[in-house]
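> Residue numbers (the numbering used here): 10 to 416.
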Amino acid sequence: MRRTSGQNGQVLPVLLAVISIAIAALLMSHRTGRAIGQESTLVNAADAAAYSAGNWAARQLNLMAYTNRAMVANHIAVGHLVAYISWLRYAEDASDQIARYSAYLPYVGAATRSANDLLRGVLTASERASWGYINTVDALHGLMTLSQLQARRALAPDVMASVMRRVAHTYDEDFKVNRGGELTAIPAPYKNALQATLGAYRVAMLARVKTDKPGTDQGYFNRIVSRTIKHDRNLSRWIQGRQTNAGPRFGTGGRNWSRSIFSLIRFRKQGPTNLAPRPDAGGWRSADRLQVGLFDFDKFEWGNWRTLASGRASADQLAGNYDGIDRYTRAPKRLQDKGQFTIPAMLTSAIPGQSSTAINAHLSVAKVIYEIPRGCAYRCPRRSAKATLFNPYWRASLDAPRLPRVP
């Protein structure tokens with residue numbers, strides 16, 4: 010009969026213990042791996058959400074800048090057109106005078122009359138075209154104002170949160186974005202600091218930009234228009250005059266010249282173009298005239314000026330009514346001075362396999378900054394110039410989170 014050893018069967022408990030430890034280690038490593046993997050995904054999602062929101066905000070600001078620039082350019086183009094019509098009326102009047110006095114000269118009379126007919130045709134066509142052009146510009150200004158209002162709405166905290174959620178959910182549908190109530194598992198001082206950061210961000214975004222009206226903006230819009238005109242020498246020659254609701258004052262414009270013939274007869278040409286304090290208060294007004302003066306030998310001084318030809322035009326008269334710029338969007342003083350702002354993206358998610366109060370959380374911050382490109386040289390403002398919504402130089406980047414100090 011076979012006899013069994015007393016040590017047989019003692020290996021089984023040891024083997025079971027080893028297997029149990031191995032299974033526990035595998036489960037723990039799997040759980041740890043999932044947690045680490047989720048944390049890494051959470052960090053990437055937070056960075057992507059913050060950068061996307063910053064890029065979204067920069068695009069809205071640049072859209073406002075492009076539309077502001079377009080409105081300034083269109084407004085100046087209307088002024089240029091008004092000055093051109095005024096000059097054409099003056100030129101047509103002058104050619105009519107010349108044709109009248111030269112009517113009895115052989116060949117010359119026919120040539121001057123033909124020139125006058127040509128100028129009259131150009132003037133009539135230009136006047137008709139100006140009506141359509143100015144009214145089209147008014148309609149475009151209305152559309153641009155609406156697009157700026159939509160861009161401003163796109164900067165609202167709820168819209169920004171929606172942008173961040175869409176990006177975060179491409180990583181995991183369970184990720185929560187900027188939910189202060191999800192921070193219960195974080196120690197109180199840090200939780201309070203994070204909640205304060207999110208609250209301050211929401212309040213600041215509501216006043217990030219502001220809508221203003223020419224005429225009630227302390228001259229801000231008209232200063233932009235004036236600087237734009239002065240930047241172009243040829244443009245400033247055509248559009249130069251006073252900023253007033255009154256009519257143009259001769260001697261203040263840029264379309265000026267004078268000539269003297271042997272100190273016996275002199276001519277002068279004057280042509281100012283006024284910019285109203287408010288675009289809808291008469292808009293642009295322009296005038297041109299040519300005058301002659303004769304030397305008075307009896308008094309031994311120049312006699313009074315006599316007008317030979319003249320012309321006038323105004324935006325309201327050409328278009329029936331010129332509304333100009335009703336509203337535009339500008340940067341508040343705080344944004345002008347700082348030239349940047351931040352957008353936080355706080356992402357939270359429950360830790361797999363743990364209690365519902367255990368969470369992973371990560372804060373990423375995007376910085377939206379006004380930065381003038383280095384390569385545009387003289388074509389751009391000085392790099393030290395304040396931030397503005399009239400130049401599309403807003404861009405986004407990720408920034409290091411900066412929370413308030415906690416004890």
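Virtual Cβ for every residue (Gly too), placed ideally from N, Cα, C.
In this text, all values refer to a predicted model and were calculated from it rather than measured experimentally.
(1) Starting from the N-terminal side, write out each stretch of the beta strand (DSSP E) that is 3 residues or longer and does not extend beyond the stretch 300 to 381.
(2) Could you tell me if THR316 is buried or exposed, where buried requires 16 or more neighbouring beta carbons within 10 angstroms of its beta carbon?
(3) With GLY262 and PRO281 assumed to form a contact (beta carbons below 8 Å), what rounded beta-carbon distance in angstroms separates them?
(4) I need the DSSP call for SER218, collapsed to helix, strand or coil.
(5) Since I believe VAL168 is in contact with ALA177 (beta carbons under 8 Å), could you give me their beta-carbon distance rounded to a whole number of angstroms?
(6) Please report the residue range of the alpha helix (DSSP H) in which LEU149 lies.
(7) Below 7 Å between beta carbons: does that hold for ARG339 and LEU244?
(8) Looking only at its own chain, which residues have a Cβ that is under 8 Å from the Cβ of SER95, when we skip the five neighbours before and after it?
(9) Hey, could you find the ends of the alpha helix (DSSP H) ALA170 is sitting in?
(10) Within 10 angstroms of its Cβ, does ALA209 collect 16 or more other Cβ (buried), or is it exposed?
(11) Label GLY292 either buried or exposed according to how many other C-beta atoms from any shown protein chain fall within 10 Å of its C-beta, with 16 as the threshold for buried.
(12) Buried or exposed: which applies to SER123, given that a residue is buried once 16 or more other Cβ atoms fall within 10 Å of its Cβ?
(13) For the alpha helix (DSSP H) holding LYS239, just list the boundary residues, first then last.
(14) How about MET153 and MET73: do their beta carbons lie closer than 7 Å?
(15) In the DSSP assignment, what are the bridge partners of PHE276?
(16) Which residues share a DSSP beta bridge with ASP408?
(17) With distance defined between alpha-carbon atoms, name the residue in ALA55, ARG217 and ARG264 nearest to ARG242.
(18) Count the other CB atoms within 10 Å of the CB of ARG98; is the residue buried (16 or more) or exposed (fewer)?
(19) Report yes or no: do the stretch 139 to 151 and the stretch 330 to 339 share at least 3 C-beta pairs separated by less than 8 Å?
(20) Please state the DSSP three-state secondary structure of ARG109.
(21) Can you have a look at ASP325 and say buried or exposed, based on whether 16 or more other CB atoms are within 10 angstroms of its CB?
(22) Hey, could you find the ends of the beta strand (DSSP E) LEU114 is sitting in?
(23) Taking 7 Å as the limit between beta carbons, can you name the residues of its chain near SER111, skipping five residues before and five after?
(24) Following the continuous beta strand (DSSP E) through LEU284, name the residue where it begins and the one where it ends.
(25) Less than 7 Å between the beta carbons of ALA170 and VAL374, yes or no?
(26) Output the distance between the C-alpha atoms of ILE368 and THR225, rounded to the nearest integer angstrom.
(27) Which same chain residues end up closer than 8 Å to GLY141 when comparing Cβ atoms and leaving out the 5 residues on each side of it in sequence?
(28) Are ALA54 and LEU284 touching if we call contact CB-CB under 7 Å?
(29) Who pairs with VAL186 in a beta bridge, going by DSSP?
(30) Given 6 Å as the limit, tell me if TYR142 has its C-beta closer than that to any heavy atom belonging to the ligand FAD.
(31) Return helix, strand or coil for SER295, following the three-state DSSP convention.
(32) Please state whether the Cβ-Cβ distance between SER61 and VAL172 is less than 7 Å.
(33) For GLY88, count the other beta carbons within 10 Å of its own beta carbon; 16 or more makes it buried, fewer makes it exposed. Which is it?
(34) Tell me the rounded alpha-carbon separation between LYS308 and GLY228.
The relevant details are as follows:
(1) 315 to 323, 337 to 339, 349 to 359 and 368 to 379
(2) exposed
(3) Going by Cβ atoms, the distance from GLY262 to PRO281 rounds to 3 Å, so yes, they are a contact pair.
(4) A quick correction: the sequence has Val, not Ser, at residue 218. In this structure, VAL218 counts as coil in the three-state DSSP scheme.
(5) Contact between ALA177 and VAL168 is absent: CB atoms are separated by about 15 Å, not below the 8 Å threshold.
(6) 117 to 162
(7) no
(8) GLY280, THR282, SER295, ALA296, ASP297, GLY320, ARG321 and ALA322
(9) ALA170: member of the alpha helix (DSSP H) spanning 166 to 177, first to last residue.
(10) By the 10 Å Cβ count, ALA209 comes out exposed.
(11) Taking all protein chains shown into account, GLY292 has 16 or more neighbouring C-beta atoms within 10 Å of its C-beta and is therefore buried.
(12) exposed
(13) Here the alpha helix (DSSP H) through LYS239 covers 229 to 240.
(14) no
(15) ARG268 and VAL301
(16) DSSP links ASP408 through a beta bridge to VAL374.
(17) Checked all of ALA55, ARG217 and ARG264; the closest Cα to ARG242 is ARG264.
(18) buried
(19) yes
(20) helix
(21) buried
(22) Taken as a continuous stretch (DSSP letters only), LEU114 belongs to no beta strand (DSSP E), as it is neither H nor E.
(23) These residues qualify, in order along the chain: VAL117, GLY118 and THR121.
(24) First-last of the beta strand (DSSP E) with LEU284: 282 to 284.
(25) Against a cut-off of 7 Å, the Cβ pair of VAL374 and ALA170 comes out as no contact.
(26) 51 Å
(27) Within the same chain, GLY141 has no close Cβ partners at all.
(28) ALA54 is not a Cβ neighbour of LEU284, given a cutoff of 7 Å.
(29) LEU356
(30) Only the bare structure without any ligand can be found here, which leaves the ligand FAD out of the picture.
(31) It is a strand residue.
(32) Against a cut-off of 7 Å, the Cβ pair of VAL172 and SER61 comes out as a contact.
(33) buried
(34) Straight-line spacing of the CA atoms in LYS308 and GLY228 works out to 48 Å.
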